[in-house]
Structures are given as structure tokens and as C-alpha cells.
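Written below as C-alpha cells is the structure these notes are about.
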Amino acid sequence: MDYSLKVMDHFSNPRNMGSIENSDGVGEVGNAKCGDIMKIYLKVENNRIADVKFQTFGCGAAIASSSMATEMIKGKTLEEAWKLSNKAVAEALDGLPPIKMHCSMLAEEAIHEAINDYLKKRGLETWDE
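One point on numbering: in my numbering, the residue at position 77 of the sequence shown is 81, and numbering is uninterrupted.
Next comes the structure, spelled out in C-alpha cells:
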């Protein structure tokens, strides 16, 4: 399978890998078909993502998607982060093979879960997909 140089870079040198102790929001999603599991941790200050980390169990495309997605939402408002699409993640990686597009979808879903977890913890209404 052919991967772009950006996918290979984010797989080999993932950015923001790890967890955040006492995080403000955590989102965990998985794909039963391929076995990928992605967890996103958020630290939020003044409605902005001050820090973001990920833990991903999965293929190279899943790790690269997690890495790129965290880079793309760091410093953004919650509203801006919510709008990040799987297509934008895939484009930022210079493309993913069609069979691996679900990996970028997991990143989008994990971000949504983490933001909704943050909102729930504050007694706020969650956002719809």
C-alpha cells in the first residue's frame, strides 16, 4: 500500500502522542472491523484547546491521522476543532488510500467525543454530530 511522505512522517514521528493527566475531555472511539482504537485527550483554557494528546492502537494510517488531527486542533477554539473534518485530515496528510479513509474518520469522531465529554463535565449541553 502506498502512503504519502507526510503519512510516513506522522507515523514514524507522531506528534502529541501520550495522555494528559487530569484532562478536561477524553474521547475514545474504535472500529470493530479493523480493530483500531483512538483516544484523544483535551486540556481546555478559555474555550481554546491549550493541549491535546492521543493514544492510538492501530495501523500506520490511524496513528498518522491521530497525529495530524491533534496538530490541526491545538490552539483552536472548541467550535473550530469541532468543524475539523476527516477529509481535511486526509488532505493534510497528502491523501490516504481509500481503504484507510476510516482512520481519518476515527480522528474526527474522537475529537467530537472529547469535546462532548468536556461539555458534559461542565454541565453543558453536548453538540450533535
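Every residue gets a Cβ at the ideal spot worked out from N, C-alpha and C, and that includes glycine. Being a predicted model, the structure only gives us computed values, none of them experimental.
Our two residues, Gly34 and Asn120, have alpha carbons roughly 17 Å apart in a direct line. Leu9 places its beta carbon 8 Å or farther from that of Asp28. Counted as a single uninterrupted DSSP element, the alpha helix (DSSP H) harbouring Glu84 occupies residues 82-86.
Distance from the CA atom of Lys91 to the CA atom of Gly62, rounded to whole angstroms, is 19 Å. The criterion of a C-beta distance shorter than 8 Å is not satisfied by Lys57 and Thr81.
Just so you know, the alpha carbons of Ala94 and Ile67 end up roughly 12 Å apart. By the 16-neighbour rule on beta-carbons within 10 angstroms, Gly39 is exposed. By the CB criterion at 8 Å, Ala118 and Ser69 fall outside the cutoff.
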